[in-house]
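Each remark here refers to the structure printed beneath this line.
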Amino acid sequence: AEDFTRKGADSCLKCHDEESDFPVLSIFKTKHASQVDPESPFASAQCESCHGAGKDHERSQKKGKDDKPMLTFGKTSNIPASQQNKVCLGCHQNHGRTGWTGSVHEEEDVACASCHQVHVERDRVFNAQAQQQVCFGCHATTRAESHRASAHPLRFGQMSCSDCHNPHDSNNDSLLNRSNINDTCYTCHAEKRGPFLWEHAPVAEDCTICHNPHGSNHQAMLKQRPPLLCQQCHSPSGHPSTAYTSENASGNFQSRFVLGRSCSNCHSQVHGSNHPSGATISR
Amino acid sequence: SANDTDFSKWKCKLCPDYSGWTGDVAFGLGFVSEDDLRFADFRGQDEQGLYLAIDGRAHYQDADGYYFNLNSHNLGLDSRQLEINGGHQGKYEYRFGWSEISKYRGYGSQTPFLGAGTDNLTLPTDWVPAVSTDQMTQLGGLLLNTSLKTHRKILDAGVTWKFAQNWEYRFDYQKQKKNGTRPFAAGLFFNNASQFPVPVDFTTDQIDMVLSWLGKRSQVRIGLIGSWFDNANNSVTWQNPFTSGANTQTLRAALEPDNKYYQLSVSGAFALSPKVKLSGSASIGEMSQDDQFIPYSINPLFSDAQLPRTSLDAQVDTSTFNLSGKLSARLNRKLTFTARVKFDERDNKTPVDLYTPVTTDLVPSAGRLNRPYSYDKEKYSADLRFRAHRVVKLSTGVKFENLDRTLQAVEESEETTLWGEIKLNPNAQVQGRIKFEDSKRDISDYLQPDDGGSVDHPLLRKFNQADRDRERLQVEINIYPIEALGINLSFFHARDDYEESQIGLQKSDEESYTIDLSYAVGTKINLYAFLTEDDIDAELVNATGVNAIPWNAITKDSITTAGLGLSTNLNKKVSLGLDFVSSNSKGDISVQTDQNEAPFSPLRTNLKNARIHFDYQVNDHWGYKLYTEYEKYYSKDWAIDGVGVDGIGSVLTLGTQSPNYSAWIFRLQANYRF
Numbered sequence: 010a011e012d013f014t015r016k017g018a019d020s021c022l023k024c025h026d027e028e029s030d031f032p033v034l035s036i037f038k039t040k041h042a043s044q045v046d047p048e049s050p051f052a053s054a055q056c057e058s059c060h061g062a063g064k065d066h067e068r069s070q071k072k073g074k075d076d077k078p079m080l081t082f083g084k085t086s087n088i089p090a091s092q093q094n095k096v097c098l099g100c101h102q103n104h105g106r107t108g109w110t111g112s113v114h115e116e117e118d119v120a121c122a123s124c125h126q127v128h129v130e131r132d133r134v135f136n137a138q139a140q141q142q143v144c145f146g147c148h149a150t151t152r153a154e155s156h157r158a159s160a161h162p163l164r165f166g167q168m169s170c171s172d173c174h175n176p177h178d179s180n181n182d183s184l185l186n187r188s189n190i191n192d193t194c195y196t197c198h199a200e201k202r203g204p205f206l207w208e209h210a211p212v213a214e215d216c217t218i219c220h221n222p223h224g225s226n227h228q229a230m231l232k233q234r235p236p237l238l239c240q241q242c243h244s245p246s247g248h249p250s251t252a253y254t255s256e257n258a259s260g261n262f263q264s265r266f267v268l269g270r271s272c273s274n275c276h277s278q279v280h281g282s283n284h285p286s287g288a289t290i291s292r
Numbered sequence: 243s244a245n246d247t248d249f250s251k252w253k254c255k256l257c258p259d260y261s262g263w264t265g266d267v268a269f270g271l272g273f274v275s276e277d278d279l280r281f282a283d284f285r286g287q288d289e290q291g292l293y294l295a296i297d298g299r300a301h302y303q304d305a306d307g308y309y310f311n312l313n314s315h316n317l318g319l320d321s322r323q324l325e326i327n328g329g330h331q332g333k334y335e336y337r338f339g340w341s342e343i344s345k346y347r348g349y350g351s352q353t354p355f356l357g358a359g360t361d362n363l364t365l366p367t368d369w370v371p372a373v374s375t376d377q378m379t380q381l382g383g384l385l386l387n388t389s390l391k392t393h394r395k396i397l398d399a400g401v402t403w404k405f406a407q408n409w410e411y412r413f414d415y416q417k418q419k420k421n422g423t424r425p426f427a428a429g430l431f432f433n434n435a436s437q438f439p440v441p442v443d444f445t446t447d448q449i450d451m452v453l454s455w456l457g458k459r460s461q462v463r464i465g466l467i468g469s470w471f472d473n474a475n476n477s478v479t480w481q482n483p484f485t486s487g488a489n490t491q492t493l494r495a496a497l498e499p500d501n502k503y504y505q506l507s508v509s510g511a512f513a514l515s516p517k518v519k520l521s522g523s524a525s526i527g528e529m530s531q532d533d534q535f536i537p538y539s540i541n542p543l544f545s546d547a548q549l550p551r552t553s554l555d556a557q558v559d560t561s562t563f564n565l566s567g568k569l570s571a572r573l574n575r576k577l578t579f580t581a582r583v584k585f586d587e588r589d590n591k592t593p594v595d596l597y598t599p600v601t602t603d604l605v606p607s608a609g610r611l612n613r614p615y616s617y618d619k620e621k622y623s624a625d626l627r628f629r630a631h632r633v634v635k636l637s638t639g640v641k642f643e644n645l646d647r648t649l650q651a652v653e654e655s656e657e658t659t660l661w662g663e664i665k666l667n668p669n670a671q672v673q674g675r676i677k678f679e680d681s682k683r684d685i686s687d688y689l690q691p692d693d694g695g696s697v698d699h700p701l702l703r704k705f706n707q708a709d710r711d712r713e714r715l716q717v718e719i720n721i722y723p724i725e726a727l728g729i730n731l732s733f734f735h736a737r738d739d740y741e742e743s744q745i746g747l748q749k750s751d752e753e754s755y756t757i758d759l760s761y762a763v764g765t766k767i768n769l770y771a772f773l774t775e776d777d778i779d780a781e782l783v784n785a786t787g788v789n790a791i792p793w794n795a796i797t798k799d800s801i802t803t804a805g806l807g808l809s810t811n812l813n814k815k816v817s818l819g820l821d822f823v824s825s826n827s828k829g830d831i832s833v834q835t836d837q838n839e840a841p842f843s844p845l846r847t848n849l850k851n852a853r854i855h856f857d858y859q860v861n862d863h864w865g866y867k868l869y870t871e872y873e874k875y876y877s878k879d880w881a882i883d884g885v886g887v888d889g890i891g892s893v894l895t896l897g898t899q900s901p902n903y904s905a906w907i908f909r910l911q912a913n914y915r916f
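First to last, the sequence lines map onto chains A and B.
For the first sequence, position 72 (counting from the first letter as 1) is numbered 81 according to the numbering used here, and the numbering increases by one without interruption.
For the second sequence, position 5 (counting from the first letter as 1) is numbered 247 according to the numbering used here, and the numbering increases by one without interruption.
Set out below in structure tokens:
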């Protein structure tokens, strides 16, 4: 049996108001405070739906003691993440969160409230720029990558991490929104989906063989610079893989295989070609 | 007790009533100091001068559960966003979104071609072809500035309907339109090539439907995705600016064909018992493409060449099955076991035919079979996590991946990964984590595919199909010496070795160091600073032929990213934010032959960005918002800098240069709050 306070939120709000260390009243601007939605915490035990029954806490506070703490949330809480999350998942283990169990974030003891804010009008993760700061709090290398010369427009707030990743679901690799990497990329780059008459094998298999989607100091988020990028996999007879040195970047020995678009001065169709004569991805 | 408590008697008298409309409308003017295209990239501010600065936010809620939210950003710019949602809580929700993003490429591009943005590029009537760009005497006088810009517009609309207890239906529709031009290049055999802008006129319609059911011990979702891509241009023709025969004065290339994609998926989770939980997903999909082929060549000599079919009738079936099972051994509350299985298949059913390509509209080649690539991936993994002590958590796991490919050099590869992790949490002030991962990939025989195309060096091993040893190390230390101060240190190292590859990628190394500081001054001011150093190295060996002496290339990319800032709400009237970030990269490349070759001059990019925002609330309704941003960018790239349109004798380029700029934005808005 659980022992609730005598008056619910009216008991809590006597102490916990906007002037306290953790201002709480903005929750009444959110869905959690709805009293008409039967799934909302305020339709039943109000604050205690999430923070646990508070009779003992109320009594100890009245006695001037602080020995009966409520269930608190977030990174700084001393309640284990799994225990915190059990409360949230009591209502939210649905939709995109069916794969939470066994997910990397669950196994790394990430609490829901480490990322989400409940007592604010708009949770920061719903703002593209604020969301990435939450993610970068742990994924520091990705933050650095997002500022590289060629990167998706996260730093402009035009994209957010959740455009590609679902932080709640483990079922796909790298917590991707779609079944695999290429399906995720095709969401915005459908022109590269094909299928083409002449496929470029690594393109059809995995975009990240050539690209780093988080950012690169090379153009088009390429991991390496052409012609070396291409020469990692190509050394064909009739079109030999020549050593293009710094001599070929200028002066009398300058080379079209090095300057301009390098290999793609001719082989532009690296993502595949539907031209009947496009076998060498140059049409 | 819970059973005795009648929550309806809790009056919530102290609960504030926020029913009604609230929101902000910020309007004013902004100023951009430069008309630099790189600065405008994604920002959508490509012209120097004034622009309208309009942002808005509105929120409505009432006691009956109806709500409405509107958020908008940069409505006065080419890159803008609007997002709306509303509904009746617990019953239904509707959503609407509109966003536009501008993307710029090729800074300082020029071209003599007329018709940029169309699928037919011609040269001025007085154009005189030449064998080399330096002999194109009229070129300088005929060059036109060309802006390689694409503009993406995205419309989102959707509804969610909770039509019964535990049941929910969600439907989302998205239309993306992308218009503009992008750079392209193609040539005439080995003789010459041209760069020119090709049209982008893409439309993608997408629907995403989900029916979900939520039970106490299980959840199930059934989803359907449909995506239709349409390209208004199936090819581009261009006039050959170089001297050529009468039949190759106009050339043609294909552009991306229309395509379709459908995917049906089922996902769910089930708690077999309090100790054992299962979750998984399964999906089947189909990609198809059946655009009408263009002829083998625009060259009239080949106008009668018969294609084996008029369109590809391409079809790729995809299927993905994920299953994750977690067993929590609660007998001692210390042990957790997780197992995962994944199957991912790409079954390419595109018909195979013998084509006789006309290479670059000039050279008829021997018959060649198209190669519809398929793969079949299987992944199995198991993790064991053990809380050995109050302060120590030990984890270990094994992963096994099997990848079967068709029509490629390697039919089968297997990779086994072992990993271990130690987490230490001695007290609230210190946390540490170290994780080590070791992988070994073995391949079956490496065989040259026989598709009628050219044959690679027999010792070449494409790195994604080669034997590989991989090591990864992650170390993280979080220290909180006082409650207000956080110090996070992290180190990441990844190393790939391809020791069995005599020709091809030999190894790649990546190291990343980060220090991250945060400090809270009271409850009003937050400070942060970070520094990340990334080093990415690779070594490649290749050769011009079987009997040639191999050459090698060593690349080293070093990127330093640093940032600092503060945010403060000094009081209810004043808030201030300062952010600065710097990202500098240096790319060193050294290609060595049997001669003593000098390294390439370093590639460089250098970004510095500073932003300040200052908000002042005058009274309950009116306030001011001041925002200023300064950005300086410097880059250096020997592949394009100083090359110019005619810098390569056999390639007529777009003359693109590395972007360099310094620019700032100033914005002042009045803000009305209601």
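From the three backbone atoms N, C-alpha and C, an ideal C-beta is built for every residue, glycine too.
Report yes if the CB atom of residue i is closer than 7 Å to the CB atom of residue j, and no otherwise.
i       : j       : result
L268(A) : I831(B) : no
R202(A) : M529(B) : yes
C124(A) : V143(A) : yes
T150(A) : S754(B) : yes
Y349(B) : R280(B) : yes
R909(B) : A282(B) : no
N720(B) : Q673(B) : yes
M168(A) : H161(A) : yes
S509(B) : T107(A) : yes
According to DSSP, what are the bridge partners of residue i?
i       : result
M230(A) : For M230(A), which the question treats as bridged, DSSP gives no partner whatsoever.
S49(A)  : The partner list for S49(A) (beta bridge, DSSP) is empty, contrary to what the question assumes.
I729(B) : I721(B) and L759(B)
N482(B) : Answer is none; N482(B) lacks a bridge partner.
D799(B) : I778(B) and G829(B)
List, in chain order, every chain A residue whose beta-carbon is nearer than 7 Å to that of residue i.
i       : result
D533(B) : N283
F426(B) : S277
For a contact defined as C-beta to C-beta under 9 Å, what are the partners of residue i on chain B?
i       : result
N181(A) : S523, T562, N564 and K584
L231(A) : Within 9 Å Cβ-Cβ: nothing; L231(A) doesn't reach chain B, min ~11 Å.
T251(A) : N784, T786 and W793
Using a Cβ cut-off of 7 Å, pull out every chain B residue sitting near residue i, in sequence order please.
i       : result
T193(A) : Simply none; closest approach about 12 Å.
K40(A)  : Q331
E200(A) : F444, F471, N473 and E498
Q140(A) : Under the 7 Å cutoff, chain B gives no residues; its nearest Cβ is about 13 Å from Q140(A).
Anything in chain A within Cβ reach of residue i, meaning under 8 Å, just list it in chain order.
i       : result
Q219(B) : With chain B covering 243 to 916 only, the question about residue 219(B) has no answer from this structure.
W252(B) : K16, G17, A18, D19 and Q55
L782(B) : L237, Q240 and Q241
Y615(B) : E208, A210, A213 and E214
Along chain A, in chain order, which residues have C-beta atoms closer than 9 Å to that of residue i?
i       : result
F495(B) : Note that residue 495(B) corresponds to Ala in the displayed sequence, not to Phe. Within chain A, the residues near A495(B) are S277, Q278, S282, H284, G287, S291 and R292.
H301(B) : K38, E130 and R131
Under 7 Å, CB to CB, which of the residues in the stretch 654 to 675 of chain B have a partner in chain A?
Under the 7 Å Cβ criterion, the stretch 654 to 675 of chain B contributes no residue.
Contained alpha helix (DSSP H) runs [length at least 4] in the stretch 372 to 455 of chain B, N- to C-terminal order
Restricting attention to alpha helix (DSSP H) runs no shorter than 4 residues, the stretch 372 to 455 of chain B encloses them at 381 to 384, ordered along the chain.
Which complete alpha helix (DSSP H) runs does the stretch 816 to 860 of chain B hold, if anything under 4 residues is left out?
Positions of the alpha helix (DSSP H) runs, each at least 4 residues long and wholly inside the stretch 816 to 860 of chain B, cannot be given because no such run exists.
Proximal residues, the stretch 805 to 825 of chain B versus chain A, C-beta separation under 9 Å:
So the list reads G805, V823, S824 and S825, given in the order they occur along the chain.
Taking a cut of 7 Å between CB atoms, which residues from the stretch 433 to 458 of chain B lie near chain A?
So the close ones are A435, Q437, F444, T446, S454 and L456.
Within 9 Å of chain A by C-beta, residues of the stretch 367 to 395 of chain B in sequence order:
So the close ones are R394.
Relative to chain A, which residues along the stretch 316 to 349 of chain B have a C-beta separation below 7 Å, given in chain order?
Residues S321, Q331, G332 and I343.
With 9 Å as the limit, tell me which residues of the stretch 830 to 844 of chain B have their beta carbon closer than that to any beta carbon of chain A; keep them in chain order.
Within the stretch 830 to 844 of chain B, the qualifying residues are I831, S832, V833, Q834, T835, Q837, E839, A840, P841, F842 and S843.
Starting from the N-terminal side, write out each stretch of the alpha helix (DSSP H) that is 4 residues or longer and does not extend beyond the stretch 163 to 227 of chain A.
Listed in chain order, the complete alpha helix (DSSP H) runs (minimum 4 residues) inside the stretch 163 to 227 of chain A are 190 to 195 and 210 to 214.
Run through the stretch 619 to 701 of chain B for me and flag every whole beta strand (DSSP E) of 3 or more residues, listed as ranges in chain order.
Listed in chain order, they are 634 to 647, 654 to 669 and 672 to 685.
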